[in-house]
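Mapped onto the UniProt record's numbering, the consecutive letters of the sequence shown carry residue numbers 1 to 222.
Note that the Cβ used here is the ideal one computed from N, Cα and C, for glycine as well.
What follows is a short report on a single structure.
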Amino acid sequence: MNESFPSFSIGGAPRAVRAGLAAAFVALALPGAVSLAHAEKADQNKPINVEADNLTYDDLKQVTVATGNVVITKGTILIKGDRVEVRQDPQGYQYATATMAPGSKKHASFRQKREGLDEYIDGDAERIDYDGKQDLTTLTRNATVRRLQGLTTVSDTVHGSVITYDGQRDFYTAKGGNDVAAPGNPTGRVRAMLSPKNGGPAPLNGASATLTPSNSIQEPNP
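The structure is reproduced here in structure tokens:
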């Protein structure tokens, strides 16, 4: 299935808009997902929209480069960066790479809605690669991915060196690395906060439960 960004033109010119040292590895199926749940399926048929300060298009190489506060949307997919390069293969599939300017304290970002749910996958990293053929998004260096409920509530958070989100299987993997090492995490291991399926993050403090005797449990027959 071709899930590429469709090409478009402005002013008559056509435009189309992953690795670190692994200290730990984790693979997570998103809570609430069922076997047929995926990233928003309708995204593949939506047109692409690009906003940027500058844009160049190489028709021979099929490469588009947008720079300066770049915002790319395609259905529910949203990619932001200082520089976004989009390449198209002979089959028409497209691959986007988003980065920030050298020395920037900000990260490139990615967001996509989950199919049939009021939930989004939201992430940021120093580099983001989107594979339109495989529907894979790879966030590299100081990567963070969050599962959002309604764009306002963070349900799950994963932080690592490299995080890959598989939109077809609603599945992501994370690797640790030296770039996420910190005083409390000297080896750069993956860190994750995963909420229970039946609600938001569990409270750190709370009243203890009161146990009462049950009258419905009978002694077994001898």
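Inter-residue spacing [alpha-carbon to alpha-carbon] between A125 and I48: For the pair A125 and I48, the Cα-to-Cα distance works out to about 22 Å.
- prompt: What does DSSP give as the partner residues of Q112 in its beta bridges?
  reply: Note: Q112 sits in a beta bridge opposite I121.
query: For Y165 versus T140, is the C-beta spacing smaller than 7 Å?
result: No, the Cβ-Cβ distance between Y165 and T140 is not below 7 Å.
- prompt: Quick one: what does DSSP say V190 is sitting in, helix, strand or coil?
  reply: When DSSP states are grouped into helix, strand and coil, V190 belongs to the coil group.
- prompt: Would you call Q112 buried or exposed, if buried means 16 or more other Cβ atoms sit within 10 Å of its Cβ?
  reply: When all chains shown are included, Q112 counts as buried.
- prompt: Can you tell me where the beta strand (DSSP E) with V63 in it begins and where it stops?
  reply: Start and end: 63–74.
- prompt: Alpha carbon to alpha carbon, how far is V65 from G81?
  reply: Cα-Cα distance, rounded: 12 Å.
query: Distance, Cα to Cα, D156 vs A96?
result: Going by the C-alpha atoms only, they are around 25 Å apart.
query: Cα separation between V154 and M193?
result: Cα to Cα, V154 sits roughly 10 Å from M193.
- prompt: To which residues of the same chain is L204 closer than 6 Å at the C-beta, ignoring the five residues directly before and after it?
  reply: With a pLDDT of 36 at L204, under the threshold of 50, the modelled position of this residue cannot be trusted; read the value that follows with caution. Answer for L204: no residue qualifies.
message: According to DSSP, simplified to helix, strand and coil, what is D59?
response: In the structure shown, D59 sits in coil (DSSP, three-state: anything other than H, G, I, E or B).
Closest Cα partner of Q91 within the set G160, Q62, P196: Nearest of G160, Q62, P196 to Q91, Cα basis: Q62.
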